[in-house]
Amino acid sequence: MEVISLQSGSSGNCVFVRIGQTRLLFDAGISGRKTQSRLALHGHDVHDVDALVISHDHSDHIAALGPLHRRFGLPVYLTRPTHRVVSKKPRTGELSDVRHFQAGQTLEFPGVTVHTIPTAHDAVDGVCFVVEDLESGTRFGLMMDLGHCFRGLSDWIGDLDAIMIESNYDLPMLRDGFYPRHLKERIHGKGGHLSNDDASKLVRDHAGQRLQWVCLAHLSDENNTPELAVKTCRAQVPASVQIHCADRYDTTEPMLIRSPKILAKRSSSAKPGVRIQKAASEQFLFS
Ligand SMILES: [Zn+2]
Ligand SMILES: [Zn+2]
Numbered sequence: 001m002e003v004i005s006l007q008s009g010s011s012g013n014c015v016f017v018r019i020g021q022t023r024l025l026f027d028a029g030i031s032g033r034k035t036q037s038r039l040a041l042h043g044h045d046v047h048d049v050d051a052l053v054i055s056h057d058h059s060d061h062i063a064a065l066g067p068l069h070r071r072f073g074l075p076v077y078l079t080r081p082t083h084r085v086v087s088k089k090p091r092t093g094e095l096s097d098v099r100h101f102q103a104g105q106t107l108e109f110p111g112v113t114v115h116t117i118p119t120a121h122d123a124v125d126g127v128c129f130v131v132e133d134l135e136s137g138t139r140f141g142l143m144m145d146l147g148h149c150f151r152g153l154s155d156w157i158g159d160l161d162a163i164m165i166e167s168n169y170d171l172p173m174l175r176d177g178f179y180p181r182h183l184k185e186r187i188h189g190k191g192g193h194l195s196n197d198d199a200s201k202l203v204r205d206h207a208g209q210r211l212q213w214v215c216l217a218h219l220s221d222e223n224n225t226p227e228l229a230v231k232t233c234r235a236q237v238p239a240s241v242q243i244h245c246a247d248r249y250d251t252t253e254p255m256l257i258r259s260p261k262i263l264a265k266r267s268s269s270a271k272p273g274v275r276i277q278k279a280a281s282e283q284f285l286f287s
């Protein structure tokens, strides 16, 4: 499985995931031109995308939904309540190919299941996702705009091979920053975002042995820095787990997730008594 964050944060979100021959885009927060050119940088054609899946109705996730849909002919997957809100925004325009799902349902694509998980974020009907490759069993969690560590969320984390998770703010920076009180309370509240500490502890406490990497995402420009987010996470998660940080204004390099079956086969074929020097994930990433 291959994951590319095309941009992440309040200025726009869009994540590309390729699972075998199936290509999915999650959220439409950056322009069609940027989406197309950033995918092309990594050798992908936006016209080959099979579906545009929307997490929730906030503008950093849907601003370019209509243009992306019409320009590249991408079918749109979203819930009915989200569709209702989104369709009132002037830029959305006419959507001719919409497939509705209910929050909590699974979406089926060739060789792929996408589990949708209702979140506690203050959107009308927000969801986050677990993408599962049915052939290899690889599982990727795309967990942004969560609200807080809501009940049931941790159950999804234990058997993930990789996770992209929001790490929105550093609590002291938010507390001491210039944001008005109501905004601080919204971000820190039950319907806002996860802090660096929240995200790191969630991964530390619930991720399993098979986790290869974490990509910290949706960082605030005013209340966080990539260095701080990575440092907080590094202090909590095992050294064998790679940590990446999604860029607020640009694309990441492709992040690869190796099949847990291949990894298991490789480690079982190691000779007894021979210590494997590097964690399997570090051997493979960016190779
Ligand atoms: Zn949001
Ligand atoms: Zn957002």
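Residue numbers in the sequence shown follow the UniProt record's numbering, run continuously in steps of one, and reach 287 at the last position. Quick reminder that beta carbons are idealized off the backbone N, C-alpha and C, glycines included.
* aspartate 250 Cβ short of 8 Å to ligand 2 heavy atom set -> Locating residue 250 in the sequence shown gives position 250, where the first residue counts as 1. No.
* Asked: Going by alpha carbons, who is nearest to residue 319 out of Pro90, Leu52, Phe72?
  -> Here the chain covers residues 1 to 287 and nothing more, so residue 319 does not appear.
* Hey, which residues come within less than 6 Å of ligand 2, measuring from Cβ to any heavy atom, in chain order? -> Taken from the N-terminal end onward, the list reads Asn13, His58, Asp60, His61, Asp145, His218.
* Mapping DSSP to helix, strand and coil, what is glutamate 227? -> Here residue 227 refers to the residue found at position 227 when the sequence shown is read from its first residue. If DSSP states are grouped into helix, strand and coil, glutamate 227 belongs with the helices.
* With a CB to CB cut of under 8 Å and the five nearest residues on each side skipped, what residues in its chain are close to aspartate 145? -> Reading the sequence shown from its first residue, position 145 is the one you call residue 145. Cβ within range, chain order: Ser55, His56, His58, His61, Thr119, His121, Ala123, Gly126, Cys128, Glu166, His193, His218.
* Reference serine 259; option with closest CA among Asp197, Glu253, Asp133 -> Within the sequence shown, residue 259 is the residue found at index 259, counting from 1. Ranking Asp197, Glu253, Asp133 by Cα distance to serine 259 puts Asp133 first.
* Asked: Where DSSP assigns a beta bridge to isoleucine 243, which residues make up the other side?
  -> Locating residue 243 in the sequence shown gives position 243, where the first residue counts as 1. DSSP, once it has assigned bridges, lists Val214 as partnering isoleucine 243.
* To do: List the DSSP bridge partners of residue 288.
  => Past the edges of the chain, shown from 1 to 287, lies residue 288, and the structure says nothing about it.
* Asked: At a cut-off of 8 Å, is histidine 44 close to ligand 1 when judged by its beta-carbon and the heavy atoms of the ligand?
  -> Residue 44 sits at position 44 when you count from the first residue of the sequence shown. It does not: the Cβ of histidine 44 is nowhere closer than 8 Å to a heavy atom of ligand 1.
* Asked: Given serine 10, which residues of its chain have a CB within under 6 Å of its CB, disregarding the five upstream and five downstream residues?
  -> Locating residue 10 in the sequence shown gives position 10, counting from the first residue. Answer for serine 10: Asp60, listed in chain order.
* Would you identify the three-state DSSP class for asparagine 154, choosing helix, strand or coil? => By 1-based counting over the sequence shown, the position of residue 154 is 154. Reading off the sequence, residue 154 comes out as serine, not asparagine. DSSP places serine 154 in helix when its eight states are reduced to three.
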